[in-house]
Amino acid sequence: MLIEDSQLEILPLEDLRRAARGEAGPLERLNALLKSGADSKLGAVTGLLPSEVARLILLLRPRRARALLRLVPDAPGLAALEELDPSIRESLLDADGQQRIARIIAKMPVADAADFLADAPEHIVKVALDAHPLANEVRAALAHIDESAGAVMRRRLVAVPQDWTVGEVIDEIRRNADIIDRLYAVYVTNGGRRLMGYLKVRDLVLYPTDTVIGTIMRADTVTVSADTDREEVARIAEREHLPVLPVVDAEGALIGIITAEELRDIDREEVEEDMKLMAGLAPDSSSMDGPLKIVPRRLPWLTAGLIGSSIAALVVGAYEEALAQAAILASLIPIVMSLAGNAGIQASTITVQALASNALWVGDIWGRVVRELLGALLNGTIVGLIISAGIMLLSNFVAIDRPALLGLTALLSLIVVTVQASVVGSLVPLALKRLRLDPAVATGVFITTSNDVVGVLIFFIIATSIYI
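Per our numbering, the sequence shown starts with residue 1390, numbered consecutively.
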């Protein structure tokens, strides 16, 4: 039924907030208003918090989410976009949205503009830079590589000269209270912004207001450079038990900080990247990818798997005569390939996790390999005995030629394949780490495919030696 604009009720702010909480009734009325284009009945949108706008966007279809975003004022609209995943943000910003964002960013200070554009797609960055009056300075701030500390740091911080007093610092903080989100520490610099030390917030309370901060600052500052890999930044913060890290340039000048929020984001992004690599996906893959992006981001890994499967097929074809003599061997091939792949993935996943959390004991590497070997030996033996028992039981109901030898073939094959896959799965991530490659790649197509090929080869060598 066609709904006329006059039939639609104005949606008050409280109902919009209920819709943002996922309540069906208000959400349906909001959808109806956006679908009909009755923008005049959504004036209360201007009273929503950025977090509420972000939640509503995620509950709406893309076209209606864009319509809602157009109704939100610039400042909360931009703040709402910052709360969304970059892939969703990119999908929301059509040509008009990009121009609007560019106009907003053009009014921002260089540091804030760079913060917003740090993880924005290239075409949005280009549009924004074209409109920004200080484009060269913003471009310089964005010059850090994506994986560096400089790309994720906050450029807004509290830094004061070392000859100031505690009272002057407190007055400065009060004057800028409206732009200070959270005070993690007060950094002390010399005239050239070179970092000399820092003060904890409690120091401003404990010392008299006429105390010169250069005499009470803490000089044991742990810093990272702007080009430090962000994964290494997270490790340093964890090792030193620090909630915030200052970032310096090549001359030691303070240029930003990485707070607990950025550290959590780094950990989350690294986990997501590892999960994608383990699944055979490109790190920049997202749920918003269209067909033309899905193909280049997934096809290479599928092709790699296809090549590995083709090699496994060639191995099977090479033993065509053996299969002709004992066709029942073909029924064991999927079992061998599955066990080899799973055992390799389990072992490599544990190693990758240990590397990522910096929990790998380098001096115990060979002890770890021995433990994996013994564990795989026990697992392979148990699985092999189960399959062998199944073959013997099945032989009572189905004619199977020499079931005892077939059971022995299955037992030995599964033991050897499990041991081989587990040892390889443990060592390959370490080798990739030594080569400065991401170890998470090991748990994807590489381990699965290589273990399939080797597993099938081992199986036929044992089968032709014992059963045929």
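Every residue, glycine too, gets a C-beta built ideally from N, C-alpha and C.
Given the structure is predicted, the values throughout are model-derived calculations rather than measurements.
Excluding the five sequence neighbours on either side, which residues of its own chain have a C-beta within less than 6 Å of the C-beta of I1493, listed in chain order? Answer for I1493: D1463, L1467, listed in chain order.
So what's R1607 in DSSP terms, helix, strand or just coil? Of the three classes helix, strand and coil, the one that applies to R1607 here is strand, per DSSP.
Do three or more CB pairs link the region 1552–1561 to the region 1501–1516 at distances below 8 Å? These segments do not touch.
Measuring CA to CA, which of L1767, F1786, N1565, L1801 is closest to F1848? When C-alpha distances from F1848 are compared across L1767, F1786, N1565, L1801, the shortest belongs to L1801.
If you pair each beta-carbon of the region 1614–1626 with each one of the region 1585–1593, do three or more pairs fall below 8 Å? Contact between the region 1614–1626 and the region 1585–1593 is absent: fewer than three C-beta pairs spanning the two stretches fall below 8 Å.
CA-to-CA distance, V1845 to I1775, given in whole angstroms: Using only the alpha carbons, I get a separation of about 19 Å.
Given a cut-off of 8 Å on the beta-carbon distance, is the pair D1483 and R1455 in contact? Yes, they are a contact pair.
Integer Cβ distance of L1447 from L1481, believed to fall under 8 Å: About 11 Å separates the CB atoms of L1447 and L1481; that is not less than 8 Å, and the two are not in contact.
Let me know the secondary structure DSSP gives L1438 once reduced to three states. DSSP places L1438 in coil when its eight states are reduced to three.
For I1646, the residue or residues it bridges with in DSSP: Looking at the DSSP assignment, I1646 forms a beta bridge with R1543, P1635.
Is it true that the CB of L1718 sits closer than 8 Å to the CB of A1852? At the C-beta level, A1852 and L1718 come within 8 Å of one another.
S1586 by DSSP, collapsed to three states: which one? Looking at the sequence provided, one finds Gly at residue 1586 rather than Ser. For G1586, the secondary structure class from DSSP, reduced to helix, strand or coil, is strand.
Please determine if the region 1730–1744 and the region 1809–1826 are in contact, where contact requires at least 3 C-beta pairs separated by less than 8 Å. For the pair of segments examined, the region 1730–1744 was found to touch the region 1809–1826: the number of CB pairs separated by less than 8 Å reaches three.
Beta-carbon spacing of I1569, V1547 below 8 Å: Judged by beta-carbon spacing, V1547 lies within the 8 Å limit of I1569, meaning their Cβ atoms are closer than that value.
Taking Cβ to Cβ, would you say P1792 is nearer than 8 Å to I1780? It is a contact, given that the beta carbons lie within the stated cut-off.
Cβ atoms of V1636 and I1647: under 8 Å apart, would you say? Yes, Cβ-Cβ distance for I1647 and V1636 is below 8 Å.
Taking just the CA atoms, how far does R1564 sit from L1691? Straight across, the Cα-Cα distance linking L1691 with R1564 is about 58 Å.
Can you name, in chain order, every residue of its own chain whose Cβ lies under 8 Å from the Cβ of R1528, other than the five neighbours on each side? Annotation for R1528: L1518 place their beta carbon closer than 8 Å to its own, counting only its chain and skipping 5 residues before and after.
Extent of the continuous beta strand (DSSP E) run through A1548: Start and end: 1548–1550.
If you count every other CB in all the chains shown that lies within 10 Å of the CB of F1505, and 16 or more means buried, which is it? F1505 is buried by the Cβ-count criterion.
Could you work out which residue in R1760, A1693, R1407 is closest to T1740 when comparing CA atoms only? Nearest of R1760, A1693, R1407 to T1740, Cα basis: R1760.
Looking at chain B, is there any beta carbon in it that lies within less than 8 Å of the beta carbon of A1443? Absent here is chain B; the protein component of the structure consists of one chain.
For T1578, list the residues DSSP reports as bridge partners. Answer is P1550, L1584, bridged to T1578.
Please report the Cβ distance between T1617 and A1538, rounded to the nearest whole angstrom; I am assuming they are in contact, meaning their Cβ atoms lie under 8 Å. Confirmed, Cβ separation roughly 5 Å.
Between V1842, V1613, N1768, which has its C-alpha nearest M1726's C-alpha? Ranking the options by Cα distance to M1726, first place goes to V1842.
Give me the Cα-Cα distance between G1730 and D1827, rounded to the nearest whole angstrom. Roughly 20 Å separates the two Cα atoms.
Helix, strand or coil at S1614 [DSSP, three-state]: DSSP places S1614 in strand when its eight states are reduced to three.
Between M1606, E1472, V1611, which lies nearest to E1650 when the distance is taken from Cα to Cα? If we check each option's Cα against that of E1650, E1472 comes out closest.
How close, in whole Å, do the beta carbons of V1813 and N1840 come, if the pair is a contact with beta carbons under 8 Å? Indeed, because the Cβ distance is near 7 Å, the residues count as touching under 8 Å.
Residues near E1511 by beta carbon distance below 7 Å, same chain, minus five either side: Excluding sequence neighbours, E1511 sits near nothing in its chain.
Classify L1681 as buried or exposed, calling it buried when 16 or more other Cβ atoms lie within 10 Å of its own Cβ. With fewer than 16 other Cβ atoms within 10 Å, it is exposed.
Alpha helix (DSSP H) segment containing M1781, residue limits: Residues 1754–1783.
Here's a check: name, in chain order, each residue in its chain whose Cβ is nearer than 8 Å to the Cβ of K1822, leaving out the five neighbours to either side. Excluding the 5 residues flanking it on each side, K1822 has same chain C-beta neighbours closer than 8 Å at L1744, P1828, in chain order.
Are the Cβ atoms of R1862 and A1639 separated by less than 8 Å? A question about residue 1862 goes unanswered here, because the residues of the chain that appear run from 1390 up to 1857.
Under the assumption that P1465 contacts P1498 (Cβ atoms under 8 Å), give the Cβ distance between them as a whole number of angstroms. Here P1465 is actually not in contact with P1498; their C-beta atoms are around 19 Å apart, not less than 8 Å.
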